[in-house]
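Novice: The structure is given below, and queries will be raised subsequently.
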Amino acid sequence: MGEVLTVRGLNKSFGGIVVARNVDLTLQSGRVVGLIGPNGAGKTSLFNLISGVVKPDSGTVSLDGAPLDRLKFHQRIHRGLSRTWQHVRLFPSLSVLDNLLIATREYPGERIVNVLFGRRRLKEHDKVAREQATDVLGRMGLANVADALVTDLPYGQQKLVGVARALMGEAKCLLLDEPMAGVEGASYAAMQRVVREVADRGAAVCVVEHNVAFVRDLCDEGIFMFAGAIMARGSVAELIGDPQLTELYFGH
Amino acid sequence: MDYLDGLIVIVGLYVILAASFNLIIGYGGLVSIAHPVFFALGAYASAILSRDLALPVPLAMLGGTAVALAASIALALPSLRVSGDYLLIASIGFQLGVLEVIKNVRFTGGSSGFINIPPFLIRDFGRTSYVVLVLAATAGVIFLVRWIARSDYGRAMSAMRDDELAFASVGRNAMWMKIAIFGLGSGLAGLAGALYAHYFRFVTPEQFELLQSAAILTMVVVGGMRTTWGPVVGALLLEALPQALAFLNLPPSVLGPIQGLLFTGLVLVFMFFRPQGLVPAQDAWRGARAAKESR
Numbered sequence: 001m002g003e004v005l006t007v008r009g010l011n012k013s014f015g016g017i018v019v020a021r022n023v024d025l026t027l028q029s030g031r032v033v034g035l036i037g038p039n040g041a042g043k044t045s046l047f048n049l050i051s052g053v054v055k056p057d058s059g060t061v062s063l064d065g066a067p068l069d070r071l072k073f074h075q076r077i078h079r080g081l082s083r084t085w086q087h088v089r090l091f092p093s094l095s096v097l098d099n100l101l102i103a104t105r106e107y108p109g110e111r112i113v114n115v116l117f118g119r120r121r122l123k124e125h126d127k128v129a130r131e132q133a134t135d136v137l138g139r140m141g142l143a144n145v146a147d148a149l150v151t152d153l154p155y156g157q158q159k160l161v162g163v164a165r166a167l168m169g170e171a172k173c174l175l176l177d178e179p180m181a182g183v184e185g186a187s188y189a190a191m192q193r194v195v196r197e198v199a200d201r202g203a204a205v206c207v208v209e210h211n212v213a214f215v216r217d218l219c220d221e222g223i224f225m226f227a228g229a230i231m232a233r234g235s236v237a238e239l240i241g242d243p244q245l246t247e248l249y250f251g252h
Numbered sequence: 253m254d255y256l257d258g259l260i261v262i263v264g265l266y267v268i269l270a271a272s273f274n275l276i277i278g279y280g281g282l283v284s285i286a287h288p289v290f291f292a293l294g295a296y297a298s299a300i301l302s303r304d305l306a307l308p309v310p311l312a313m314l315g316g317t318a319v320a321l322a323a324s325i326a327l328a329l330p331s332l333r334v335s336g337d338y339l340l341i342a343s344i345g346f347q348l349g350v351l352e353v354i355k356n357v358r359f360t361g362g363s364s365g366f367i368n369i370p371p372f373l374i375r376d377f378g379r380t381s382y383v384v385l386v387l388a389a390t391a392g393v394i395f396l397v398r399w400i401a402r403s404d405y406g407r408a409m410s411a412m413r414d415d416e417l418a419f420a421s422v423g424r425n426a427m428w429m430k431i432a433i434f435g436l437g438s439g440l441a442g443l444a445g446a447l448y449a450h451y452f453r454f455v456t457p458e459q460f461e462l463l464q465s466a467a468i469l470t471m472v473v474v475g476g477m478r479t480t481w482g483p484v485v486g487a488l489l490l491e492a493l494p495q496a497l498a499f500l501n502l503p504p505s506v507l508g509p510i511q512g513l514l515f516t517g518l519v520l521v522f523m524f525f526r527p528q529g530l531v532p533a534q535d536a537w538r539g540a541r542a543a544k545e546s547r
């Protein structure tokens, strides 16, 4: 089980509000870690700091041993990091399939030179990308909506598309921000199965989630955050059973 | 017939300007007003290269296009690194600044204009041949923009406009795409400038002032942003109207403001009654392949 993501001494505050307090974190290949904690604990902020959306005051982030600190958001994704958003953030003018096709690790179509002079390369890439997207959509149970506009889908399915899109980069490390909020029924099982598959193929996965059942069923271990700091790490059952953490979570 | 030839040339060149500006502001979502200045740079550079440096006209035209492209990248690099909003501010400054320079240096002919630009094709093959050249270039630009918008690049432009942060979150680099879009669009404006220079053989800095910015913007907005034919319809309409006004025999001091009123008035009317323009865009991106499949 290799270390995929390593975070050391991460600090960040906005004015007086501390969102990361000396955070150390490692994520390992093949393991799904649940990040839990009350609202405002700094879970999403930690994702933002790791992915480079927000610059930390101090601390380092590395992926497979290579530091990411000097890289921009899109460059970190390109190196093998992937993340989803709490509020989905799909591309509303694109179909489900196109939302996925834009998200491959390499996208030769983002260079105008390739569009003008590299038609063959684009075609070859397109063929592979379509196969990959069809496969991902099939695994998520979304095959029948591939050509629908994302805005025509119910919210739960949009969440699934968000995760499907994040899988297109075949990332080494996947950060999922509340993937289950608003998802129900058959999608619940699909999400569990797909995230487990991704980990089994060797990715390190970290999930922010309030749905305790989902975290308990899926995650190999849990991390409890409060006020920007990591308070405990252990099995999900241990964390849920800890009376002190429960008190912090519900704020009594 | 000379009048008609000139009219076709000028309308064709405005179609190129509107179509290329549509690439920048419509498809790229980049707010800039400096399009006429790249038109000017293409015209002046091609004129100077051919008259004073004795370059063959086709090469000078390529040079003019290249100068506009290079200048636009020099403008876009620093402003887009900060944020998209700075491009608008920088473009205003750039337009005013470049025109001031043109007015005040000797090798551009100053504010009285640049004269005796070498003609192209007309002496050997007649005016019609130049009209054909311009129409070919116009068609080329219309279909180039259409082709790009429907390609994999078009999918990326659509996604970038939708949500730039999400665009970065799938590993795409918005900044380079914006610079490329701005460079290509502005380069095409430079090409229009070069084509203008060797037909009319005389350019002055006043032709490229803010009124031109307003005119090109109006053509795109009134015609219909993010459509293939919108800018074409807009350019036809807005070039035909002032020509009609010219028949009223009004003095230039009255005609100028009336044209300005016409442009801003049209934008206001369209904003309230037909915000999508004459040719409405589809909300959803449809690539060429998808369109083919659904047929």
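Here the protein sequences come in this chain order: R and A.
Take the first sequence: its position 195, counted from the start at 1, is 195 in the numbering used here, and no numbers get skipped.
The numbering used here runs 252 ahead of the 1-based position in the second sequence.
Where is the CB? At the ideal position from N, CA and C, for every residue including glycine.
Note that this is a predicted model, so its numbers are computed, not measured.
Are any of the Cβ atoms in chain R nearer than 8 Å to that of V472/A?
Specialist: Within the second sequence, residue 472/A is the residue found at index 220, counting from 1. No, its Cβ sits nowhere closer than 8 Å to a Cβ of chain R.
Novice: What are the start and end residues of each continuous alpha helix (DSSP H) run of 4 or more residues lying completely inside the region 269–311 of chain A, in chain order?
Specialist: Counting whole runs of 4 or more residues, the region 269–311 of chain A contains the alpha helix (DSSP H) stretches 287–303.
Novice: Less than 8 Å between the beta carbons of V242/A and V383/A, yes or no?
Specialist: As displayed, chain A neither begins before 253 nor continues past 547, which places residue 242/A out of reach and without an answer.
Novice: For V150/R, which residues of its own chain have a beta-carbon under 8 Å away from its beta-carbon, when the five flanking residues on both sides are left out?
Specialist: On the first sequence, position 150 is the one that residue 150/R refers to. Counting only Cβ-Cβ distances below 8 Å, and skipping sequence neighbours, we find L90, F91, P92, L94, S95, V96, N99, Q158, V161.
Novice: So, using beta-carbon positions, are L321/A and L332/A closer together than 8 Å?
Specialist: Start at 1 with the first residue of the second sequence, and residue 321/A comes out as number 69. Start at 1 with the first residue of the second sequence, and residue 332/A comes out as number 80. No, the Cβ-Cβ distance between L321/A and L332/A is not below 8 Å.
Novice: Straight-line CA distance for A540/A to S403/A?
Specialist: The residue given as residue 540/A occupies position 288 in the second sequence. The residue given as residue 403/A occupies position 151 in the second sequence. Residue confidence for A540/A is low, a pLDDT of 49 falling below 50, so the modelled location carries little weight and cannot support an answer.
Novice: Kindly indicate the opening and closing residues of the alpha helix (DSSP H) around I394/A.
Specialist: As a first step, residue 394/A must be located in the second sequence, where it is residue number 142. I394/A -> alpha helix (DSSP H) spans 379–402.
Novice: N274/A and V485/A - do their beta-carbons sit closer together than 8 Å?
Specialist: Counting from one through the second sequence, the residue named residue 485/A turns up at place 233. Counting from one through the second sequence, the residue named residue 274/A turns up at place 22. No, they are not a contact pair.
Novice: Any idea what DSSP makes of A540/A, helix, strand or coil?
Specialist: Here residue 540/A refers to the residue found at position 288 when the second sequence is read from its first residue. The predicted model places A540/A with a pLDDT of 49, which falls under 50 and marks its position as unreliable; any figure quoted below should be read in that light. Reduced to three states, the DSSP call for A540/A is helix.
Novice: Among G281/A, W481/A, L440/A, T479/A, which one has its Cα closest to the Cα of F291/A?
Specialist: The count along the second sequence starts at 1 and reaches residue 291/A at position 39. Of the candidates G281/A, W481/A, L440/A, T479/A, the one whose C-alpha sits nearest the C-alpha of F291/A is L440/A.
Novice: Could you tell me whether any Cβ in chain R is nearer than 8 Å to the Cβ of I394/A?
Specialist: Taking the first residue of the second sequence as position 1, residue 394/A is located at position 142. By this cut-off, I394/A is not an interface position.
Novice: List, in chain order, every chain A residue whose beta-carbon is nearer than 9 Å to that of V115/R.
Specialist: Here residue 115/R refers to the residue found at position 115 when the first sequence is read from its first residue. Those are W399, I400, S403, D404, Y405, G406, listed as they occur along chain A.
Novice: State buried or exposed for V263/A, treating a residue as buried only when at least 16 other CB atoms are found within 10 Å of its CB.
Specialist: Numbered from 1 along the second sequence, position 11 holds the residue referred to as residue 263/A. The residue is buried, with at least 16 neighbouring Cβ atoms inside 10 Å.
Novice: Quick check: the Cα distance between S546/A and V386/A, rounded to an integer number of angstroms?
Specialist: One-based indexing of the second sequence puts residue 546/A at position 294. One-based indexing of the second sequence puts residue 386/A at position 134. Model confidence at S546/A stands at a pLDDT of 46, short of 50, so the residue's coordinates are unreliable; what they give is reported in the following sentence. Taking the straight line from one Cα to the other gives about 35 Å.
Novice: Quick check on L425/A - is its C-beta less than 8 Å from some C-beta in chain R?
Specialist: Numbered from 1 along the second sequence, position 173 holds the residue referred to as residue 425/A. In the sequence on display, residue 425/A carries Asn and not Leu. Closer than 8 Å: yes.
Novice: Below 8 Å CB to CB, which residues in the same chain sit around S82/R once its five sequence neighbours on both sides are set aside?
Specialist: As a first step, residue 82/R is located in the first sequence; it is residue number 82 there, counting from the start. Contacts found: A166, L167, G169, A171, C173, L174, L175.
Novice: For L176/R, which beta-bridge partners are listed by DSSP?
Specialist: The residue labelled residue 176/R in the question sits at position 176 within the first sequence. DSSP output for L176/R lists V207/R as bridge partner(s).
Novice: Going by C-alpha to C-alpha distance, which of G16/R, L122/R, G185/R sits closest to Y405/A?
Specialist: Taking the first residue of the second sequence as position 1, residue 405/A is located at position 153. The option with the nearest alpha carbon to Y405/A is L122/R.
Novice: What first and last residue would you give for the beta strand (DSSP E) that runs through E170/R?
Specialist: Translated into positions along the first sequence, residue 170/R becomes position 170. Unbroken run through E170/R: none, as it is neither H nor E.
Novice: Would the beta-carbon of V208/R fall within 8 Å of that of L35/R?
Specialist: Reading the first sequence from its first residue, position 208 is the one you call residue 208/R. Reading the first sequence from its first residue, position 35 is the one you call residue 35/R. Yes, the pair counts as a contact, with Cβ atoms nearer than the cut-off.
Novice: Should the region 443–452 of chain A be called in touch with the region 488–496 of chain A, which here means at least 3 C-beta pairs below 8 Å?
Specialist: In short, these stretches do not touch, since the Cβ pair count stays below three.
Novice: M429/A CB to nearest chain R CB: under 8 Å?
Specialist: Here residue 429/A refers to the residue found at position 177 when the second sequence is read from its first residue. Yes, M429/A lies at the interface with chain R (some Cβ there is under 8 Å from its Cβ).
Novice: Relative to the C-alpha of T246/R, which residue among E184/R, T104/R, V212/R is closest?
Specialist: In the first sequence, residue 246/R corresponds to position 246, counting from 1. For T246/R, the nearest C-alpha among the options comes from V212/R.
Novice: Hey, could you find the ends of the alpha helix (DSSP H) R120/R is sitting in?
Specialist: As a first step, residue 120/R is located in the first sequence; it is residue number 120 there, counting from the start. Here the alpha helix (DSSP H) through R120/R covers 119–139.
Novice: Skipping 5 residues on each side, what residues in its chain have a beta carbon closer than 8 Å to that of I510/A?
Specialist: What you label residue 510/A is simply residue 258 of the second sequence in a count that begins at 1. Closer than 8 Å at the Cβ level, and outside the excluded window around I510/A, lie L497, L502.
Novice: Can you find at least 3 beta carbon pairs, one from the region 412–429 of chain A and one from the region 222–232 of chain R, that sit closer than 8 Å?
Specialist: No: the two stretches stay apart, fewer than three of their Cβ pairs being nearer than 8 Å.
Novice: I need the DSSP call for I468/A, collapsed to helix, strand or coil.
Specialist: Counting from one through the second sequence, the residue named residue 468/A turns up at place 216. In this structure, I468/A counts as helix in the three-state DSSP scheme.
Novice: With DSSP collapsed to three states, give me the class of M477/A.
Specialist: Taking the second sequence and counting its residues from 1, the one referred to as residue 477/A is at position 225. Correct three-state label for M477/A: coil.
Novice: So which of K355/A, A420/A, A312/A has the shortest CA-CA distance to V53/R?
Specialist: As a position in the first sequence, residue 53/R is number 53, starting the count at 1. It is A420/A whose Cα lies nearest to the Cα of V53/R.
Novice: Could you check what DSSP says for E3/R in three-state terms: helix, strand or coil?
Specialist: The residue labelled residue 3/R in the question sits at position 3 within the first sequence. E3/R falls in the strand class under three-state DSSP.
Novice: Using beta carbons (cut-off 8 Å, strictly below), is V422/A in contact with chain R?
Specialist: Here residue 422/A corresponds to residue number 170 of the second sequence, with the count starting at 1. Judged by the 8 Å Cβ criterion, V422/A is in contact with chain R.
Novice: Against chain A, does Y155/R count as a neighbour if the rule is that its beta carbon must be under 8 Å from one of theirs?
Specialist: As a first step, residue 155/R is located in the first sequence; it is residue number 155 there, counting from the start. It does not; no Cβ of chain A falls within 8 Å.
Novice: Under 8 Å, Cβ to Cβ, is there at least one residue of chain A near Y188/R?
Specialist: To locate residue 188/R, count along the first sequence from 1; it is residue 188. Cβ-Cβ to chain A under 8 Å: no for Y188/R.
Novice: Examine chain A for any beta-carbon lying closer than 8 Å to the beta-carbon of P92/R, and answer yes or no.
Specialist: Taking the first sequence and counting its residues from 1, the one referred to as residue 92/R is at position 92. Yes, because at least one Cβ of chain A sits closer than 8 Å to the Cβ of P92/R.
Novice: Strictly under 8 Å for the Cβ-Cβ distance: is K544/A near chain R by that measure?
Specialist: Counting from one through the second sequence, the residue named residue 544/A turns up at place 292. Only weak support exists for where K544/A lies, its pLDDT of 46 falling under 50; the coordinates are left without a value.
Novice: Please classify L256/A as buried or exposed, where buried requires at least 16 neighbouring CB atoms within 10 angstroms.
Specialist: Taking the first residue of the second sequence as position 1, residue 256/A is located at position 4. Under this definition L256/A is an exposed residue.
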